[in-house]
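Numbering (our numbering), first residue to last: 2 to 166.
Every residue, glycine too, gets a C-beta built ideally from N, C-alpha and C.
Below you'll find the structure, written out as structure tokens, and then a few comments.
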Amino acid sequence: MDNFVNIFQSLISHKESEVVEFKKAEKNFDFDDLGKYFSALSNEANLRGLDFAWLIFGYDEKKHEIVGTSYKNGESALNNLKHDFAQHTTDGQTFREIVPIEVDGKRILMFKIPASPRNIVMKWKGIAFGRDGESLKPLNQSKMDEIRHQTPEPDWSAELVPNAT
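This is the structure in structure tokens:
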């Protein structure tokens, strides 16, 4: 857990970006909005060559204040969220991790969002989202093309093994 507290401290020492988003989400957060942020952050992480992006609940970036969150309190609620979420994303992708931490006596939720796979655009309910600075928008065509034109990871199982008999 200390590792995640350190990551959180590092994230809040910088401003929001295309791959880091802070939300107060003190009690609740719209499921569709969460999906749009997942798509956007996943696509933007891919475009920047990163393995993942972060969505943080329980922090007010405007006031630079930890406010805490009661969103999806408990392991069962978080596991159900991951399951429900996968029903609406490209290839059933979901959060790599959802980590609750405590900072200054307040609960923070850290969503670790995987980058979209190479040459695959991450969509939420059939629509791809992206970021324009701190704004959430449908993914523009040039970013979509950039992802789609990436070479896929090589299939190592199809390669010949040297000196094999």
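With respect to I99, I109 sits apart: the two C-beta atoms are not nearer than 8 angstroms. In this structure the segment 26 to 37 touches the segment 119 to 134; the number of beta carbon pairs closer than 8 angstroms is three or more. In this structure S136 is exposed. Its beta-carbon is surrounded by fewer than 16 other beta-carbon atoms within 10 angstroms.
Residue nearest to P115 within the set K24, L51, F9 is L51 (criterion: CA-CA distance). By the Cβ criterion, the segment 74 to 93 is not in contact with the segment 133 to 149, since fewer than three pairs of Cβ atoms, one from each stretch, lie closer than 8 angstroms. Nearest neighbour of L79 by Cα position, chosen from H65, V68, F96, turns out to be F96. Comparing alpha carbon positions, the residue from H84, P118, F58, F86 closest to K28 is F58.
8 angstroms or more divides the Cβ of V162 from the Cβ of V6. Only residues of its own chain outside the window of five on either side were considered, and among them V20, D52, F53, A54, I114, P115, A116, S117 have a CB closer than 8 angstroms to the CB of A46, listed in chain order.
By the beta-carbon neighbour count (other beta carbons within 10 angstroms, threshold 16), R119 is exposed. Runs of the alpha helix (DSSP H) spanning 4 or more residues and lying entirely within the segment 26 to 75 occur at 32 to 48, in chain order.
H15 and K138 have their alpha carbons spaced roughly 22 angstroms apart.
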